[in-house]
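Input: a single structure, listed below in structure tokens.
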Amino acid sequence: MKFAIQINEGPFTHQAADTAYQFTKAALENGHEIFRVFFYHDGVNNGTMYGVPPIDDRNVSAIWSELAEKYDLDLVVCVAAAQRRGIMDEDESKRHGKGAANIAPKFRISGLGQLIEAGIEADRLLVFGD
Amino acid sequence: MKFAIQINEGPFTHQAADTAYQFTKAALENGHEIFRVFFYHDGVNNGTMYGVPPIDDRNVSAIWSELAEKYDLDLVVCVAAAQRRGIMDEDESKRHGKGAANIAPKFRISGLGQLIEAGIEADRLLVFGD
Amino acid sequence: MSETKKFVYMNRKAPYGTVYALESLEVVLIGAAFEQEVQLVFVDDGVYQLTKNQSTDGIGMKNFSKTYSALGDYDVNQIYIDEQSLKDRGLTMDDLQELTYEDEDDDWAEKSSMKLVNREQLAELIGNADVLLNF
Amino acid sequence: MSETKKFVYMNRKAPYGTVYALESLEVVLIGAAFEQEVQLVFVDDGVYQLTKNQSTDGIGMKNFSKTYSALGDYDVNQIYIDEQSLKDRGLTMDDLQELTYEDEDDDWAEKSSMKLVNREQLAELIGNADVLLNF
Amino acid sequence: MSTLHTVNKSPFERSSLDTCLSVVSNDSTVLLIEDGVAGALQNTTASSSITDAMGNGVKFAVLGEDLGARGLSADRVMDGISVVDYAGFVQLAADHDNVQSWL
Amino acid sequence: MSTLHTVNKSPFERSSLDTCLSVVSNDSTVLLIEDGVAGALQNTTASSSITDAMGNGVKFAVLGEDLGARGLSADRVMDGISVVDYAGFVQLAADHDNVQSWL
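See below:
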């Protein structure tokens, strides 16, 4: 079965991103397909590569990057939500004259249409949030 | 009277940072003193300079920077919370080998002791959050 | 895209206290271009999103309440309001702005997009959805 | 620093679902070095922070429940649990870990740091605080 | 000592107003802000518990700027709840001995 | 069509379980996750409304990993609520026609 995942909250403060990660991992390990993971609202903050959590805790951004690497996941960060909150790729960072990109590996920035498309193409869309 | 302010949520998603801003501004305009504004939990995300909100909306980080400039406010971002969430000054950024600092003007990174000190030194501590 | 799906947007949070209402509306507007069936449900504190006379000057935030009245132009005209949620909050339909659309099958007559529903009807709306969007 | 103040930490949220419990505890530990009077209140879902046998392997998050048992060593030994909150949630004090301290005025005898309170006592704790920390 | 209690969440979504009212004393004030202002309106499911607390001498206030943002006019507010602005919020914080935020 | 309803908030703090139970139909399942697992325990103020819904044919499940994290053992869970793991969560999402997240 083909799942799409929407994540509305950032790392650490709410469990949403963790639960979505565990769901996604379990779905993949059980032979399902993940059409796309879409990060919206504060969820875009999962896409920062600047986080340095304590070494005895999980690094939410990093485990998403690793899972994406392993299963070739499509991790999409909403551009409008990301701009409000300061998540940038190379292009956005140059366009707005900011210091550098801070987007984590395997994440990409794109529009809200990617969420609607995920709803259309996937068999089930699941939303994780506060 | 001497107030201290604690902010637990980031910009845009929750009104907490906006309410704290309006309270702080009103306190200053009415002759009170603000000992310190302490950003904790997701509140550290108010300290990013990478945010580019729509031009017809307020820029939460920028209005804090401006208020701090005008009244010489002490805006402190908790270092532990900031590390988890990817807010860095020059020093932190170099120490962790990240691309660049993303902390906004007039914000500084320091420890949780600054919050306790604010509680001790101020006449009233107000907490704004979710 | 192979088929038309029914997208149901569940709006359950008050505006301004959190950003979910605003960013949900942004999804609805983008989603309207995809020619899917779209239904908006306002339940629990979501009913406050549609109140008349919102004025945000005092809180320094952008007032986006006018945007709802443009939904009809985007062919978003199935808008359901939970009756119980209004009642619990001391509100009636008179407290909400009127959302309308022009019916192209009826000589572009202006019609209301809003329908008051009870919990049984709400259950049906959820049950018949292909995609449920929650914020 | 001119005076000793009474810091009351109001813990009202469950652990793991949000980070507030963990980051609150980090404040308590840092704050202990400032030699102020410290009281911890666990009310509403905050009572779940102290449950025994927490095991976070399944959710992939750091288990910080052991840290509470170190509070006594930091001279944090005034810990108040709201009785009504436990009852509403089907819990009793037996479900919570035992937090103790060694009383230096009583030949270092080990004593319980925990006290069950009703809402009247909770009102007093709030009323007598100099600084109320909420997360 | 008297306490200023702030409640920023809708009483129809969260239990924080309930807990607040269970511990508030008669020398204290409850200020409704942000989404909490919804509780100040007449004829809601929260009205009776606020009326009861008023009967016990608890004072109530609501932030006018937050009412206005949500399209709720001041004449819909329950009798006995005073409407204040941000400067009034500051004054309330100064006039009480401490502040409890029911987050 | 049948719906999987997820509730991730404590019924003692938020009204989301209440609203969920007011619209859930008898071919559907309510899955308690994250802080929502607290509602699955025996003898709480939420128990009777869950029992009522069960009587109407609604199925209930709770995520075991979230129970364990909060120190709540599976033998404390109400009769009739099945404990599932993340793979079981995935299976429930696949077995129902759509998913409603009561955020």
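Protein chains in written order, with the numbering used here: chain E, 73 to 202; chain Z, 73 to 202; chain Y, 188 to 322; chain L, 188 to 322; chain R, 384 to 486; chain V, 384 to 486.
Just so it is clear, CB atoms sit at the ideal spot from N, CA and C, and this is done for glycine as well.
Check this for me: beta carbons of arginine 156 of chain E and glycine 183 of chain Z, under 8 Å apart or not?
Going by C-beta atoms, arginine 156 of chain E is not nearer than 8 Å to glycine 183 of chain Z.
Show which residues of chain E have a CB atom less than 8 Å away from the CB atom of alanine 488 of chain V.
Residue 488 of chain V cannot be examined here, being either before or after the span of chain V that is shown, 384 to 486.
Indicate whether serine 484 of chain V and threonine 389 of chain V have their beta-carbon atoms separated by less than 8 Å.
yes
Output needed in chain order: residues of the segment 395-429 of chain R with a Cβ under 7 Å from some Cβ in chain V.
Phe395, Glu396, Arg397, Ser398
Would you mind sorting proline 126 of chain Z into buried or exposed? The rule is 16 or more other CB atoms within 10 Å of its CB.
Taking all protein chains in view, the Cβ of proline 126 of chain Z is surrounded by fewer than 16 other Cβ atoms within 10 Å, so the residue is classified as exposed.
Would you list the residues sitting across from tyrosine 196 of chain L in a DSSP beta bridge?
L/Leu227, L/Leu320
To the nearest angstrom, how far is the alpha carbon of aspartate 449 of chain R from that of lysine 142 of chain Z?
26 Å
With a cut-off of 8 Å on the beta carbons, I'd call valine 214 of chain L and valine 225 of chain L a contact; round off their distance for me.
That belief does not hold up - the Cβ atoms of valine 214 of chain L and valine 225 of chain L are roughly 10 Å apart, past 8 Å.
Taking the straight line between their C-alpha atoms, what separation do you get for tyrosine 267 of chain Y and leucine 475 of chain V?
28 Å
Taking only beta-carbon positions, decide if valine 318 of chain Y is within less than 8 Å of chain Z.
no
Would histidine 168 of chain Z be called buried (16 or more neighbouring beta carbons within 10 Å of its own) or exposed?
Burial call: exposed.
Exposed or buried, what is glutamine 87 of chain Z when buried is set at 16 or more other beta-carbons lying within 10 Å of its beta-carbon?
By the C-beta density criterion, glutamine 87 of chain Z is buried, having at least 16 other C-beta atoms within 10 angstroms.
Is valine 228 of chain L close to chain R? Criterion is C-beta to C-beta, closer than 8 Å.
no
Can you confirm whether leucine 198 of chain Z, when its beta carbon is compared against all beta carbons of chain R, has any partner nearer than 8 Å?
By this cut-off, leucine 198 of chain Z is an interface position.
Starting from arginine 157 of chain E, find everything on chain Z with Cβ-Cβ shorter than 9 Å and list it in chain order.
Gly82, Pro83, Phe84, Thr85, Asn117, Thr120, Tyr122, Gly123, Pro125
Using the beta-carbon count (16 or more within 10 Å), is glutamate 164 of chain Z buried or exposed?
buried
Helix, strand or coil, according to DSSP, for alanine 173 of chain Z in the structure here?
coil
Using only the alpha-carbon positions, how far apart do alanine 140 of chain E and phenylalanine 95 of chain E sit?
14 Å
I'd like the span of the beta strand (DSSP E) that includes leucine 278 of chain Y, first residue to last.
Element bounds for leucine 278 of chain Y: n/a, residue is neither H nor E.
Using the beta-carbon of each residue, which ones in chain L are nearer than 7 Å to alanine 152 of chain Z?
Glu213
Based on Cα-Cα distance, which residue from V/Arg453, V/Thr434, V/Asn391, V/Ala444 lies nearest to phenylalanine 472 of chain V?
Between phenylalanine 472 of chain V and the set V/Arg453, V/Thr434, V/Asn391, V/Ala444, the nearest pair of CA atoms involves V/Ala444.
Going by Cα to Cα distance, which pick from V/Thr427, V/Asn426, V/Ile464, V/Val406 is closest to methionine 437 of chain V?
V/Ile464
What is the rounded straight-line gap between the Cα of proline 177 of chain E and the Cα of valine 149 of chain Z?
Between proline 177 of chain E and valine 149 of chain Z, the C-alpha separation is close to 26 Å.
Tell me whether alanine 457 of chain V sits in a helix, a strand or coil according to DSSP, three-state version.
Alanine 457 of chain V: helix per DSSP, three-state reduction.
How big is the Cα-Cα spacing for alanine 98 of chain Z and alanine 92 of chain Z?
Alanine 98 of chain Z and alanine 92 of chain Z: Cα-Cα distance of roughly 10 Å.
Near aspartate 418 of chain R, what residues of its chain come up, given a Cβ to Cβ distance below 6 Å and the 5 sequence neighbours on each side ignored?
Lys392, Ser393
Checking the sheet assignment: what are the DSSP bridge partners for tyrosine 143 of chain E?
Beta-bridge pairing links tyrosine 143 of chain E to no other residue.
Along the beta strand (DSSP E) that carries glutamine 487 of chain R, what are the first and last residues, could you check?
An answer regarding residue 487 of chain R cannot be provided, because it is not within the stretch 384 to 486 covered by chain R.
To the nearest whole angstrom, what separates the beta carbons of arginine 196 of chain Z and aspartate 146 of chain Z, a pair I think is in contact under 8 Å?
No, arginine 196 of chain Z and aspartate 146 of chain Z are not in contact; Cβ-Cβ is about 16 Å, not under 8 Å.
Using Cβ-Cβ distances below 8 Å, what residues of the segment 229-241 of chain L are close to chain V?
Going along the segment 229-241 of chain L in chain order, one finds Asp231, Asp232, Tyr235, Thr238, Lys239, Asn240, Gln241 with a Cβ nearer than 8 Å to chain V.
Please work out which residues of its chain come closer than 7 Å, Cβ to Cβ, to glycine 447 of chain R, disregarding the five sequence neighbours upstream and downstream, and give them in chain order.
Ala457, Val466, Val467, Asp468
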